[in-house]
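Numbering follows numbering that gives the first Met the number 0, in which position 74 of the sequence shown is assigned residue number 73; successive positions increment by one, without gaps.
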Amino acid sequence: MNIFVASLPFSADDNDLRDLFEPFGEVSSAKVIFDRDRNRSKGFGFVEMDDDESAKAAIAELHDSSVDGRNLVVKVAEDRPQRSERRY
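In structure tokens:
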């Protein structure tokens, strides 16, 4: 299951995100999205967990929990809408 995590502390990195979810089960991947121009986190990321039950437990427990004074938003990631081709 792909999980969207928002309102992360800007200091959080991939390892911090992985550490947050590992108590609930095996984490396949954890990726904090970075702003290349500012070289810092955009405050959100994605976690991939193969076991749906573990993922649901993590979502239920971590949603609205506080990390470094920020209340996390944790939910199932939605499929990204396809962009239409630009015509010039």
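From the three backbone atoms N, C-alpha and C, an ideal C-beta is built for every residue, glycine too.
If we count the other Cβ atoms within 10 Å of its Cβ and call it buried at 16 or more, is residue i buried or exposed?
i: S40; result: buried
i: I2; result: buried
i: F9; result: exposed
i: A11; result: buried
I believe residue i touches residue j by the beta-carbon criterion, under 8 Å. Please report the beta-carbon distance rounded to the nearest angstrom.
i: A57; j: F23; result: 4 Å
i: S6; j: L71; result: 5 Å
Select from the options the residue whose C-alpha is nearest the C-alpha of residue i.
i: M48; options: K30, R37, V72 and S64; result: K30
i: M0; options: D34, L7, S65 and D50; result: D50
Taking the C-alpha atoms as reference points, what is the distance between residue i and residue j?
i: A54; j: D15; result: 17 Å
i: S27; j: V46; result: 8 Å
i: D67; j: D34; result: 20 Å
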